[in-house]
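Each step along the sequence shown adds one to the number in the numbering used here, with nothing skipped, and position 11 is 572.
All remarks here apply to the structure that follows.
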Amino acid sequence: MNSINKAKALKVLGVLTICSSLSLGAYMLSAKDITLDIDGEIREVVTYANTVKDFLDNEKIVLNEDDYINVPLDAKIENNMNIIIKTSNAYMLSIGGGKYEIKSIFDRVEDILKENQVELGEKDYTIPDLSETVSPGDEIQVIEVEEVLEEVEESIPYESLVKQNSNMDIGQEKVTQKGQNGLKVKKINKRYENGELVSEEVVEEEVVKEPVPQITERGTRNVATSSRGTSFRYKKVLTMTATAYDLSYESTGKRPGDKYYGITASGTRARPGVVAVDPRVIPLGTKLYVKSLDGRQDYGFCVAEDTGGAIKGNRIDLFFNSSSEVRRFGVRKVKVYVLD
């Protein structure tokens, strides 16, 4: 190669070297330092990307629709740029009787609901609480609260009073003033959560009608008059069902000659003026006066000396000498005076 050609070659090589150096310098000048923050994980990245989208593509970062990035995707990459990405998570929202999947970049309940435009009423609350944090997939319950003020009428039961009346026999009662229930109006605050009644509170109560007590007069008089006009004193008086019996087999289950035939439970001989009772109601040996209630003749003074299998509770069996008297007596209501 002659000297002229050699000189030309050296000149071309020099030009190429200069161009290469300039290109490399320009390429090096295009490198940018980026701080990348993904869900709190921070790393420093050197990139030659032109836009944020190019940078994400180079880093193989895919953004979902609900993810957050702090800069537009078409923004130019600048040196020392901070790119913050928050990925969204799915949560279950229970509200209004239904369940829905929602997404949010936040983990605090209040922020999740706000991002999803879920507004709470004045008394509504959440489970967990608004200030608490949740994990992906957790359920957030919105409890919708409604308070309703209702007026309710309520009856006030009347009081029953008893007055003693010395002009009435013991055991007699008479209502002299009929009781009437009163009326009150209650204002009740009813609390509903998700449509279900959970509590009631009486906030106001007004009596609009006072109750009228029922007054019953009860006899205290312990002196009575027999059918013959004689007076007698007694402890108490009972209204009883009276039947009659005699010494017949039909009445006693015994025949003449049988052991204890004609003998009472007290060991005395059966006779008019002896009656059979339930000892739990009237003790044996008690003196009585049996008064008719139908206007017929009183059985009169008698003594409780006998018992009977069918004589239980408020029943009394009166002894007569003959079956005809027993049949004639039948079954009656009587007053039985227990004598002093």
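A virtual CB, placed ideally from N, CA and C, is assigned to each residue, including glycine.
Everything numeric in this text was worked out from a predicted model, so none of it was measured.
query, result
"Across which residues does DSSP place Gln738 in a beta bridge pair?", "Ile776"
"Span of the beta strand (DSSP E) holding Leu597?", "Lys593 to Ile599"
"If you run the structure through DSSP and keep just helix, strand and coil, what is Ser655?", "strand"
"Where do the N-terminal and C-terminal ends of the alpha helix (DSSP H) with Tyr810 fall, by residue?", "Tyr810 to Thr813"
"Do Val897 and Ile877 come within 8 Å of each other at the CB atom, strictly closer than that value?", "yes"
"Do you know offhand how far Gly861's Cα is from Lys747's?", "59 Å"
"Roughly how many angstroms separate the alpha carbons of Met589 and Asp668, rounded to a whole number?", "Caution is warranted here: a pLDDT of 46 is assigned to Met589, below 50, making its placement in the model unreliable, and the coordinate value is therefore given only provisionally. Their Cα atoms are separated by approximately 41 Å."
"If you drop the 5 nearest sequence neighbours on each side, which residues of the same chain put their C-beta closer than 6 Å to that of Asn631?", "Ile645"
"Looking only at DSSP bridge pairs, what is Ile666 linked to?", "Per DSSP, none; premise fails for Ile666."
"May I have the straight-line CA-CA distance separating Asn677 from Lys664, to the nearest angstrom?", "8 Å"
"Compute the distance between the beta-carbons of Val864 and Val835, then report whether it is under 8 Å.", "yes"
"Taking Cβ to Cβ, would you say Val851 is nearer than 8 Å to Leu879?", "yes"
"Looking at the structure shown, is Val838 part of a helix, part of a strand, or coil, going by DSSP?", "coil"
"Over the uninterrupted beta strand (DSSP E) stretch that includes Arg604, give me the two end residues.", "Glu602 to Thr608"
"Taking its Cβ as the centre, do 16 or more other Cβ atoms sit within 10 Å of Ala651, making it buried, or is it exposed?", "exposed"
"List the residues that DSSP assigns as beta-bridge partners of Ser721.", "Gln775"
"Can at least three beta-carbon pairs, one atom from the segment 738 to 758 and one from the segment 801 to 820, be found at a separation below 8 Å?", "no"
"Does the segment 728 to 740 come close enough to the segment 776 to 794 to have 3 or more Cβ pairs within less than 8 Å?", "yes"
"Might you give, ordered along the chain, the residues of its own chain that have their beta carbon closer than 8 Å to the beta carbon of Lys724, omitting 5 neighbours on each side?", "Thr737, Ile776, Thr777, Glu778 and Arg779"
"When burial is assigned at 16 or more other CB atoms within 10 Å of the CB, is Leu597 buried or exposed?", "buried"
"Where Val576 and Pro633 are concerned, what is the direct C-alpha to C-alpha distance, given to the nearest angstrom?", "With a pLDDT of only 42 at Val576, under 50, the local geometry of the prediction cannot be trusted, and the value read off the model is given with reservation. Taking the straight line joining both Cα atoms gives about 42 Å."
"What separation, rounded to the nearest whole angstrom, lies between the Cα atoms of Arg789 and Arg816?", "36 Å"
"Could you tell me the alpha carbon to alpha carbon distance between Gly891 and Val773, rounded to whole angstroms?", "44 Å"
"Here's the rule: buried if 16 or more other CB atoms are within 10 angstroms of the residue's CB, otherwise exposed. What is Val768?", "exposed"
"Please list the terminal residues of the continuous beta strand (DSSP E) segment that includes Val759.", "Glu757 to Lys770"
"Within 10 Å of its beta-carbon, does Tyr795 have 16 or more other beta-carbons around it, so buried, or fewer, so exposed?", "buried"
"Given that a residue counts as buried once 16 or more other Cβ atoms are within 10 Å of its Cβ, and exposed if not, what is Thr781?", "exposed"
"Looking at the structure shown, is Val576 part of a helix, part of a strand, or coil, going by DSSP?", "Because Val576 carries a pLDDT of 42, less than 50, the predicted location of this residue cannot be relied on, and no value is offered for it."
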